[in-house]
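Okay, so here's the structure we're looking at.
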Amino acid sequence: MQMEKNFDASAAEARISALWQKQKIGAAGANAKAGAEAFSIMIPPPNVTGSLHMGHAFNNTLQDILIRWHRMQGHDTLWQVGTDHAGIATQMVVERELAKSGAPSRRDMRREAFLAKVWEWKDQSGGTIINQLKRLGASCDWDREAFTMSGNFPDAVTKVFVDLYNKGLIYRGKRLVNWDPHFETAISDLEVENIEVAGHMWHFKYLLADGETYEYVDRDTDGAVILRERRDYISIATTRPETMLGDGAVAVHPSDARYAAIVGKMVHLPLCDRLIPIIRDEYPDPTFGSGAVKITGAHDFNDYQVAKRAGLPLYRLMDTRGHMRSDGAPYDVAVARAREIAGGAHASEAEIDALNLVPDRFRGLDRFEARDAVVAEINKLGLCVPVKVITIDPETNSEDWRNEPYVEAKKIMQPVGDRSKVVIEPMLTDQWFVDTAKIVGPALDAVRSGATKIMPESGEKTYFHWLENIEPWCISRQLWWGHQIPVWYGPTSYNLAGKEFCGATEQDVAAEAKTYYGNILGTEIKVEFPNEAFFAAIAIGDEGRDAAAAISVNGDGSHTIRLHRDPDVLDTWFSSGLWPIGTLGWPDQTPELAKYFPTSTLITGADIIFFWVARMMMMQLAVVDQVPFKTVYLHGLVRDAKGKKMSKSLGNVIDPLEIIDEFGADALRFANAAMASLGGTLKLDTARIAGYRNFGTKLWNACRFAEMNGVWEGHVTQETAPNAAATANKWIIGETAKTLAEVNAALEGYRFDQAADALYKFVWGKVCDWYVEFAKPLLDGEYANETRATMAFVLDRSMILLHPIMPFITEDLWGQTGQRAKLLVHTDWPNLPLTLVDTAADAEMAWVTGLIEEIRSARTQMHVPVGLKLDIVATEMDNAAKAAFARNEALIKRLARIETLTHGAAPKGSISLAVDGASFALPLDGVIDVAEEKARLSKAMDKLAKEIGGLAGRLKNPAFVASAPEDVVEEVRANLALREEEQAKLAAALHRLSSMG
RNA sequence: GGGCGGUUAGCUCAGCGGUAGAGCACUACGUUGACAUCGUAGUGGCCACUGGUUCGAUCCCAGUACCGCCCA
29 MQMEKNFDAS AAEARISALW QKQKIGAAGA NAKAGAEAFS IMIPPPNVTG
79 SLHMGHAFNN TLQDILIRWH RMQGHDTLWQ VGTDHAGIAT QMVVERELAK
129 SGAPSRRDMR REAFLAKVWE WKDQSGGTII NQLKRLGASC DWDREAFTMS
179 GNFPDAVTKV FVDLYNKGLI YRGKRLVNWD PHFETAISDL EVENIEVAGH
229 MWHFKYLLAD GETYEYVDRD TDGAVILRER RDYISIATTR PETMLGDGAV
279 AVHPSDARYA AIVGKMVHLP LCDRLIPIIR DEYPDPTFGS GAVKITGAHD
329 FNDYQVAKRA GLPLYRLMDT RGHMRSDGAP YDVAVARARE IAGGAHASEA
379 EIDALNLVPD RFRGLDRFEA RDAVVAEINK LGLCVPVKVI TIDPETNSED
429 WRNEPYVEAK KIMQPVGDRS KVVIEPMLTD QWFVDTAKIV GPALDAVRSG
479 ATKIMPESGE KTYFHWLENI EPWCISRQLW WGHQIPVWYG PTSYNLAGKE
529 FCGATEQDVA AEAKTYYGNI LGTEIKVEFP NEAFFAAIAI GDEGRDAAAA
579 ISVNGDGSHT IRLHRDPDVL DTWFSSGLWP IGTLGWPDQT PELAKYFPTS
629 TLITGADIIF FWVARMMMMQ LAVVDQVPFK TVYLHGLVRD AKGKKMSKSL
679 GNVIDPLEII DEFGADALRF ANAAMASLGG TLKLDTARIA GYRNFGTKLW
729 NACRFAEMNG VWEGHVTQET APNAAATANK WIIGETAKTL AEVNAALEGY
779 RFDQAADALY KFVWGKVCDW YVEFAKPLLD GEYANETRAT MAFVLDRSMI
829 LLHPIMPFIT EDLWGQTGQR AKLLVHTDWP NLPLTLVDTA ADAEMAWVTG
879 LIEEIRSART QMHVPVGLKL DIVATEMDNA AKAAFARNEA LIKRLARIET
929 LTHGAAPKGS ISLAVDGASF ALPLDGVIDV AEEKARLSKA MDKLAKEIGG
979 LAGRLKNPAF VASAPEDVVE EVRANLALRE EEQAKLAAAL HRLSSMG
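Structure below.
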């Protein structure tokens, strides 16, 4: 069967992919030699809602290269695949589908029914990205596909939560978090995008209490007074006027002389019947705006810190949807209580949170409507800082001065939910936290000690920087899709303090509750776990729930306690933080856990080093006291050819599946490998991918050439190199060994780009450009058999070495070119000693290729027609040159298009060539243009002179000879001698030419 | 504002103490026994700038300018 002219990527990929899957070539331990060391990689679990983008394609190509490389070496490999449940994203997708189909909303159908819908969706559509990975050629263990909500994973997550809770490493508290008013949940920093938008800065006057005034003095940078006036107000600036309703203070910098006199005094909060103090804090920037900052502790992260430092009450203004609150007591009641608290009355955190200080007329407004309303009212009250505006009447030329409210147009950074696209509201809510400060130590030590190595090194800096300044980790989400927090709350009535119980199962919790309440109440305790609907149906609010439902006395005097489970679920990152052990079966001590953990290498984007890598480190160390991986390879974002981030709005997204359709998966993979320099930028250009598709074609055609020349006839894979006599064969065998060494070294150092580069240069630059051409004459001569054997050996090695990067085309070729014991994917990685490199053969081939290039170059420059065969005259030749020429005569003649070689003086009208140990003349009588040949020689001389100048200059410098290493000096000397020899030859040729006229 | 990184051929990137490299693009020629998804020969670089260390700096150090990214 004759080979096709080109590799048919789409047909071959489908066929080979199916074959691999059928034979389970990626199964854990497949192709492992007895007693082999383990090599394991955890896939960074893609989002179950996701589809393959360039980042995945890049990332998974690198993982696959490593896995295939190790598997071919006979190591016991596992590439663990799976997806994470992506709480917010999945919930969003399913809610959207429900809305589209006109089904009841999530809230209407309630939790259990909604979750059933999510599972339904997952079973139907959750496998998209996994199938796309197969198209890329990923050789994962597909049978082990994991999911953070399936199998042992939920149990593992619960167990870890309970363990950390019992160790006091998890706690619940009221904190300011990023709140998404659309999804009505806390979200992580990662899910917040900060986008610069056109905003405004309003300037308001907060009047001093009791009509007090002070002298306001403004100075320039030299200290000269530029403004001095009496003021009865302090000027504050804000981009979010609606939050002023919750202000707890005005803060100024301690060094700010302008306000020193009024620090500690009270100001009237506009629109509110409250007084708030002027306080000192380091936070305000005296050079920015007025230097005075309003402090709204419950709605701004910076203000929150100030409020905490100053002990200010944190008044929450909005509900979960970002509307101004309409719950609680009427405003006059609330504000009266607020005044008492300001006056020093004790109030619990819960009471302060329950206090609604939104004036009645603003209640229920959306926060942006409230903003307009607040600004309008302040303007009406004349409490905006005015600015003088001048208008000139064009007819009368009279000037009209007016005061207008001072509103600056200003670019502001606005936090936006990456999925909801709504403005994120810092919100004071009850959340669960991991006390990361207590578990961060081992994670830091592991990297410091080198137990885990992060590449590139800059990643370690980022890692340290973040971990050394770690914040508590908010792990609760107000979602339904996820791992529900295993905490139940007991009743608060009957003077019970409202105990919480944390346990892995309801049985555990019931036992604990029985003991607890039995001790307090002195009766028999029955524990029940009604569902949420039960509580929701009875009443809203803890007290109502309690009185009616959470505890009751039975006829026999016993009590029934009904525990209410925390409705929140855990952050998806909490479960993906357990990915390494969770996918291996933990908490069961499975054989896989023993064998493949800690894992060998993690390959992931540098953008999630905080959110995922660091957390996996902390969690694995906290739970099983081992690092999750030995090496972490971090890479950047894949960008477009111009370096722009790919985004739908820019329309520059490159779909890897389209690329695979057009160029084949191998081309995309090779491009990915070639881009992967350590810390390098990842700009993906389709022109480059096309180039690597061409590279595949090149290899294909070399194999096709071999086939046409009988190389594959009866071919069986040979592990050892043939014993070659012809120089070209010896040489290419040595080049193969060198390339293997380069590829091994490159992959050991995670230099995928260098591996790709070495293979590209070898296959195209050595095998195709030279060796196949050398083989043509050799296949007609006495070395035909050894040349066939050599070519088979070299092309086999090319397929093997390229296989981790280009698995499809190489597997296809492998199957077409010989008797194969195994699929290529399980073929042994070569072991070729560098003793195969024959330095004499290398030198000889360098001489031959040098001569051929000289002749070709001279021919082209002299406009000799390509088809014309020339005679060549050796004007001088040392013995080495003679021998080299003799041994490779057929090659030289064919590739340089030489008819005959004679020895003697340069004939009239010839051009001259100088190579190491020999000079040649190409007789071109009648063809030669003397002026052009002179120019050619002069140009070559100029170049030589420049080089000689540099080399000689260095040798003339005594300091160089004295200080530089011996071998460097020797090299320069040898180089100089070589150039001078060549220079002499060219000079002689030029002289002859001149004397000719 | 803090941190990290970058600046090398027209473009995209390697190199990182010892005479500047690749791919793509470009120019000329070319269907020579695999390959036009190709071949042959070429063109093209004050390696951002300024100092310093060194016998020697694109490479190391300091500073400057510009450009990214992350975190505020």
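In this note's numbering, the protein residues as written are 29 to 1025. Every residue gets a Cβ at the ideal spot worked out from N, C-alpha and C, and that includes glycine.
In this structure the segment 679–695 does not touch the segment 730–745; the number of beta carbon pairs closer than 8 Å is below three.
Using a Cβ distance threshold of 8 Å, Leu-665 and Leu-710 count as a contacting pair.
In the structure shown, the three-state DSSP call for Val-739 is coil. Between Leu-342 and Ile-304, the C-beta gap is not smaller than 8 Å, which leaves the two residues out of contact. If you ignore the 5 residues before and after Leu-1018, its C-beta comes within less than 6 Å of the C-beta of Leu-965, all in its own chain and listed in chain order. Inter-residue distance for Tyr-545 and Tyr-624 is about 45 Å (C-alpha atoms, whole angstroms).
In the three-state reduction of the DSSP assignment, Glu-65 falls in the coil class. In this structure, Lys-758 and Ala-765 do not form a Cβ contact; the two beta carbons are roughly 11 Å apart against a cut-off of 8 Å. With respect to Gly-154, Thr-111 sits close: the two C-beta atoms are nearer than 8 Å. When DSSP states are grouped into helix, strand and coil, Gly-633 belongs to the strand group. Burial state of Met-441 is exposed, judged by a 10 Å Cβ sphere holding fewer than 16 other Cβ atoms. Exposure of Leu-1006 is indicated by the presence of fewer than 16 other C-beta atoms within 10 angstroms of its C-beta. For Asp-616, the number of other beta carbons within 10 angstroms of its own is below 16, and it is reported as exposed. A residue is called buried when at least 16 other Cβ atoms come within 10 angstroms of its Cβ; Lys-967 does not meet this threshold and is exposed. Restricted to the segment 860–884, not a single beta strand (DSSP E) segment is unbroken, complete and at least 3 residues in length. Residue pairing of Ala-320 in beta bridges, as defined by DSSP: Val-280. For His-592, the closest alpha carbon among the candidates Lys-527, Val-581 and Thr-629 is that of Lys-527. The beta carbons of Leu-385 and Val-363 sit closer together than 8 Å. The alpha helix (DSSP H) runs of length 4 or more contained entirely in the segment 144–212 are, from start to end of the chain, 156–164 and 181–194.
In the three-state DSSP reduction, Gln-648 falls in the helix class (H, G or I).
Straight-line spacing of the CA atoms in Ser-586 and Asp-536 works out to 20 Å. Taking C-beta atoms under 8 Å as the contact rule, Ala-756 and Leu-919 qualify, at a distance of about 7 Å.
Here Ile-223 is exposed, its C-beta having fewer than 16 other C-beta atoms within 10 Å. For Gln-108, the enclosing beta strand (DSSP E) covers residues 104–108. Within the segment 909–976, the runs of alpha helix (DSSP H) that reach at least 4 residues and sit entirely inside it are, in chain order, 917–924. In this structure, Tyr-661 is the residue among Tyr-661, Phe-723, Val-651 and Lys-466 with its C-alpha nearest to the C-alpha of Ala-634. For Asp-899, the enclosing beta strand (DSSP E) stretches over residues 898–905.
Val-800 and Ile-900 have their C-alpha atoms roughly 24 Å apart. With 16 or more neighbouring CB atoms inside 10 Å of its own CB, Pro-656 falls in the buried class.
DSSP, reduced to helix, strand and coil, places Ala-326 outside both helices and strands of the structure shown, so it counts as coil. When the five nearest sequence neighbours on each side are left out, the beta carbons in the same chain lying within less than 8 Å of the beta carbon of Lys-162 are those of Ser-45, Gln-49 and Trp-170, in order along the chain. About 14 Å separates the beta carbons of Val-462 and Pro-514, which is beyond the 8 Å limit, so they are not a contact pair. In this chain, the alpha helix (DSSP H) harbouring Ile-761 covers 755–776. By the Cβ neighbour-count rule, Ala-803 is buried, with 16 or more other Cβ atoms within 10 Å of its own.
Listed in chain order, the beta strand (DSSP E) elements of length 3 or more contained wholly in the segment 422–491 are 427–433, 435–445, 453–462 and 481–483.
Here the alpha carbons of Ala-166 and Val-997 stand approximately 50 Å from one another.
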